[in-house]
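Participant:
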Amino acid sequence: MRILSGLLTGVLVASVLALLPTSAAQAEVCQHRTGVNHDGGIFPNPFTEDSICGNQAQAPVRATPDGGSPQVGILDSTRSWFLCWARGQQHSGGNNVWYYTQGDRVVSDPGRRGYGFVPASHLNTSVDPGDARLSECPPIPSGRATAYMVYDRTTGASTRSDEHKQFRSASLVKLLIALDYLEARGPGASIPAADAQLLQTMLRSSDDTAATTLWTRNGYNAIVNRMVTKIGLVDTTPPANQNIWGYTAVSAADVVTTYRYILERAHPTFRDLIMGHLRLATRCASDGWDQYFGIPSAIPRPWAVKQGWSGFSLNPPPGQECQAQTGRTGNASEDGRADGASTDDRAGDASQAANAAGPDLSGVAMHTSGTFCANDRKIMVVLTLNPAGTTWSDAGGRLTTQAGDLYRAVGC
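Heads up: the sequence shown runs through residues -27 to -1, 1 to 385, numbered per mature numbering (1 follows the signal peptide of the UniProt record, and there is no 0).
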């Protein structure tokens, strides 16, 4: 992925170092470069400088400059590039300098792709951070969180991280709204044409007007409470303000459980209706945003998806509208409101921002969920939270990368 030392490079480096006194070799272990291009990893902007330094083999890469933070990667190579430095926990090297890099192997949190911090004690530097000639790292972004779960319905195996952490649902709650509607009517009941259209646009194009119609008609928070009991959800709770359905709290584990209920326990007619619409999810949502982030962009068909987002502008800015307008059915955003207001279910709603008991309502949320592989064998749910102001393309790109990393890890 990023190992620099080929056979020739290794021979040349070894030859040069062998000709130098120990102190001189120590002073030359880092080679500073400009004009390079590294994506930022956990940081929003790319890096155009780096330093190639000698390092200990199997050096652990941590999520933050703290030895107690999760290990996210490993440096297999003994000569690696580093992008910036940060001060953190004191370590065995006698200082608190840590260097930011990308591991050769990912250990946890695939969405980070191994990006993290290595203590200076694991680098062959004598003066930290002077030898590396790197700039200090930007502030570590706050307000960013990821949880995921992939479940194999054939083997029962799962890949997961922070799967019980609560996030605001955004439009993922539409799965519960649709299922509650169908369960209440019963398997043999016909669905009026108008309601069939509501279900179709809500599930395929994430139409909020349709969701609000069913949410208010069928009892607001009572919908969530009924589904929690029916399905056996453990982390899902209704919103503090019943008018904002997008603030329902969900977890990756509970969304997986919801898909399992639809596929394995719900009446076949309910299963076929819901999954049929999710297989036909439109690229363009009803509010004009392109909802083919995550699973649709990272995983080959067959798939069926329900997406969610919260905290972005009501509609895409000029020039950023979804191009395949076949998915557009109205002017509602991914609102999650049932009170007639036309604001997103976003953190800018001050009445909800202080709700400390439930999910984090600050920043922007973006989620991908659904099934992939033949016969809906795999269920994937990735929930993300990004700092306020994160663009649609950045949030979607990060989520697509995470979904792709998970797909490559689990396959079909």
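We put the CB at the ideal spot given by N, CA and C, even for glycine.
Using a Cβ-Cβ cutoff of less than 8 Å, which residues in the same chain neighbour Arg252 once the five nearest sequence positions on both sides are dropped?
Facilitator: For this step, residue 252 is matched to residue 279 along the sequence shown. Cβ neighbours of Arg252 beyond the five flanking positions: Pro275, Trp276 and Ala277.
Participant: Buried or exposed: which applies to Ala329, given that a residue is buried once 16 or more other Cβ atoms fall within 10 Å of its Cβ?
Facilitator: Numbered from its first residue, the sequence shown carries residue 329 at position 356. Only weak support exists for where Ala329 lies, its pLDDT of 43 falling under 50; the value from the coordinates is given anyway. The residue in question, Ala329, is exposed, as its Cβ has fewer than 16 Cβ neighbours within 10 Å.
Participant: Would Asp77 and His137 be called neighbours here (beta carbons separated by less than 7 Å)?
Facilitator: Taking the sequence shown and counting its residues from 1, one reaches residue 77 at position 104. Taking the sequence shown and counting its residues from 1, one reaches residue 137 at position 164. The answer is no: Cβ separation not under 7 Å.
Participant: Roughly how many angstroms separate the alpha carbons of Tyr265 and Cys257, rounded to a whole number?
Facilitator: As a position in the sequence shown, residue 265 is number 292, starting the count at 1. As a position in the sequence shown, residue 257 is number 284, starting the count at 1. If I take the Cα positions, the gap works out to 8 Å.
Participant: Are three or more beta carbon pairs between the segment 101 to 118 and the segment 194 to 202 nearer than 8 Å?
Facilitator: Segments in contact, no.
Participant: Taking the C-alpha atoms as reference points, what is the distance between Thr339 and Leu48?
Facilitator: Reading the sequence shown from its first residue, position 366 is the one you call residue 339. Reading the sequence shown from its first residue, position 75 is the one you call residue 48. Correcting the residue identity first, residue 339 is Met in this sequence and not Thr. Their Cα atoms are separated by approximately 31 Å.
Participant: Determine, using beta carbons only, whether Val15 and Trp54 come nearer to each other than 7 Å.
Facilitator: Indexing the sequence shown from 1 puts residue 15 at position 42. Indexing the sequence shown from 1 puts residue 54 at position 81. It should be pointed out that residue 15 corresponds to Ile in this sequence rather than to Val. No, the pair does not count as a contact, with Cβ atoms beyond the cut-off.
Participant: Determine, using beta-carbon pairs with one atom in the segment 231 to 248 and one in the segment 128 to 137, whether at least three such pairs fall under 8 Å.
Facilitator: In short, these stretches do not touch, since the Cβ pair count stays below three.
Participant: Suppose contacts are defined by Cβ-Cβ distances below 7 Å. Is Val45 in contact with Gly27 by that definition?
Facilitator: In the sequence shown, residue 45 corresponds to position 72, counting from 1. In the sequence shown, residue 27 corresponds to position 54, counting from 1. No. Outside cutoff.
Participant: Can you give me the Cβ contacts of Asp23 inside the same chain, cut-off strictly under 6 Å, excluding the 5 residues immediately before and after it?
Facilitator: Position 50 of the sequence shown, counting from 1, holds the residue named residue 23. Contacts found: Arg6, Val9, Trp54 and Leu56.
Participant: Below 6 Å CB to CB, which residues in the same chain sit around Asn304 once its five sequence neighbours on both sides are set aside?
Facilitator: Along the sequence shown, one-based indexing puts residue 304 at 331. With a pLDDT of only 35 at Asn304, under the threshold of 50, the placement of this residue in the model should not be trusted; the figure read from the coordinates follows. Excluding residues within five positions, none has a Cβ falling inside 6 Å.
Participant: Taking its Cβ as the centre, do 16 or more other Cβ atoms sit within 10 Å of Val100, making it buried, or is it exposed?
Facilitator: Sequence index remark: in the sequence shown, residue 100 carries index 127 (1-based). Answer is exposed; the Cβ neighbour count stays below 16.
Participant: What are the residues that DSSP puts in a beta bridge with Ile15?
Facilitator: As a first step, residue 15 is located in the sequence shown; it is residue number 42 there, counting from the start. DSSP output for Ile15 lists no bridge partner at all.
Participant: Reducing DSSP to helix, strand and coil, say where Ile164 ends up.
Facilitator: On the sequence shown, residue 164 is found 191 positions in, with the first residue counted as 1. Here Ile164 sits in coil by DSSP.
Participant: Can you tell me whether Ala130 is helix, strand or coil according to DSSP?
Facilitator: The residue labelled residue 130 in the question sits at position 157 within the sequence shown. Looking at Ala130 - three-state DSSP - the assignment turns out to be coil, as it is neither helix nor strand.
Participant: Specify, as a first and last residue, the run of the alpha helix (DSSP H) that Ile352 falls within.
Facilitator: Position 379 of the sequence shown, counted from the first residue, corresponds to residue 352. No alpha helix (DSSP H) holds Ile352; the beta strand (DSSP E) holding it covers Lys351 to Asn359.
Participant: So, do the segment 365 to 377 and the segment 345 to 355 have three or more beta carbon pairs nearer to each other than 8 Å?
Facilitator: Flag = yes, the segment 365 to 377 and the segment 345 to 355 touch.
Participant: Do Pro43 and Ala59 have their CB atoms nearer than 7 Å?
Facilitator: Looking up residue 43 in the sequence shown gives position 70. Looking up residue 59 in the sequence shown gives position 86. Contact: no.
Participant: Residues in the same chain with beta-carbon distance under 7 Å from Gly343, minus the five sequence neighbours each way, listed in chain order, please.
Facilitator: What you label residue 343 is simply residue 370 of the sequence shown in a count that begins at 1. Counting only Cβ-Cβ distances below 7 Å, and skipping sequence neighbours, we find Leu251, Ile268, Trp276, Ala277, Val278, Lys279 and Met353.
Participant: Is the beta carbon of Val146 closer than 7 Å to that of Trp218?
Facilitator: Numbered from its first residue, the sequence shown carries residue 218 at position 245. Numbered from its first residue, the sequence shown carries residue 146 at position 173. A contact, by the Cβ cut-off of 7 Å.
Participant: Should Val19 go down as buried or exposed, given a rule of 16 or more other Cβ atoms within 10 Å for buried?
Facilitator: Counting from 1 along the sequence shown, the entry for residue 19 is found at position 46. Here residue 19 is Pro; the residue named in the question, Val, does not match the sequence. Its Cβ having fewer than 16 others within 10 Å, Pro19 is exposed.
Participant: Assuming Val91 contacts Ala36 (C-beta within less than 8 Å), just tell me the rounded distance between them.
Facilitator: Numbered from its first residue, the sequence shown carries residue 91 at position 118. Numbered from its first residue, the sequence shown carries residue 36 at position 63. That belief does not hold up - the Cβ atoms of Val91 and Ala36 are roughly 12 Å apart, past 8 Å.
Participant: Just grab the DSSP bridge partners of Ala118 for me.
Facilitator: The residue given as residue 118 occupies position 145 in the sequence shown. In the DSSP output, where bridge partners are listed per residue, Ala118 has Leu358.
Participant: Could I get the ranges of all uninterrupted alpha helix (DSSP H) runs contained in the segment 207 to 270, with 4 residues as the minimum, in chain order?
Facilitator: Runs of the alpha helix (DSSP H) inside the segment 207 to 270: 225 to 237 and 241 to 252.
Participant: How about Tyr121 and Ala225: do their beta carbons lie closer than 7 Å?
Facilitator: Translated into the one-based positions of the sequence shown, residue 121 becomes position 148. Translated into the one-based positions of the sequence shown, residue 225 becomes position 252. Yes, the Cβ-Cβ distance between Tyr121 and Ala225 is below 7 Å.
Participant: Under the three-state reduction of DSSP, which class applies to Ser65: helix, strand or coil?
Facilitator: Position 92 of the sequence shown holds residue 65. It is coil, neither helix nor strand.
Participant: Taking the alpha helix (DSSP H) that Glu156 falls in, what are its first and last residues?
Facilitator: Mapped onto the sequence shown, residue 156 falls at position 183. Segment Lys147 to Arg158, the alpha helix (DSSP H) holding Glu156.
Participant: Rounded to the nearest angstrom, what separates Asp153 and Gly87 at their Cα positions?
Facilitator: Here residue 153 corresponds to residue number 180 of the sequence shown, with the count starting at 1. Here residue 87 corresponds to residue number 114 of the sequence shown, with the count starting at 1. Looking at the two C-alpha atoms, the distance is approximately 41 Å.
Participant: Around the Cβ of Ala184, are there at least 16 other Cβ atoms within 10 angstroms (buried) or fewer (exposed)?
Facilitator: By one-based count along the sequence shown, residue 184 stands at place 211. Its Cβ being crowded by 16 or more others within 10 Å, Ala184 is buried.
Participant: Kindly indicate which three-state DSSP category Lys203 falls into: helix, strand or coil?
Facilitator: Locating residue 203 in the sequence shown gives position 230, where the first residue counts as 1. Helix, per DSSP.
Participant: Applying the 10 Å Cβ sphere with the 16-neighbour rule, what's the burial state of Gly300?
Facilitator: Working through the sequence shown from its first residue, we reach residue 300 at position 327. With a pLDDT of 38 at Gly300, under the threshold of 50, the predicted position of this residue should be treated as unreliable, and no value is reported.
Participant: Measure the alpha-carbon distance for Val201 versus Thr210 and round it to whole angstroms.
Facilitator: Position 228 of the sequence shown, counted from the first residue, corresponds to residue 201. Position 237 of the sequence shown, counted from the first residue, corresponds to residue 210. Their backbone Cα atoms lie some 8 Å apart in a straight line.
Participant: Would Ser283 and Val223 qualify as a contact pair, given that the criterion is a beta-carbon distance under 7 Å?
Facilitator: By one-based count along the sequence shown, residue 283 stands at place 310. By one-based count along the sequence shown, residue 223 stands at place 250. Cβ distance not < 7 Å, so Ser283 and Val223 don't count as in contact.
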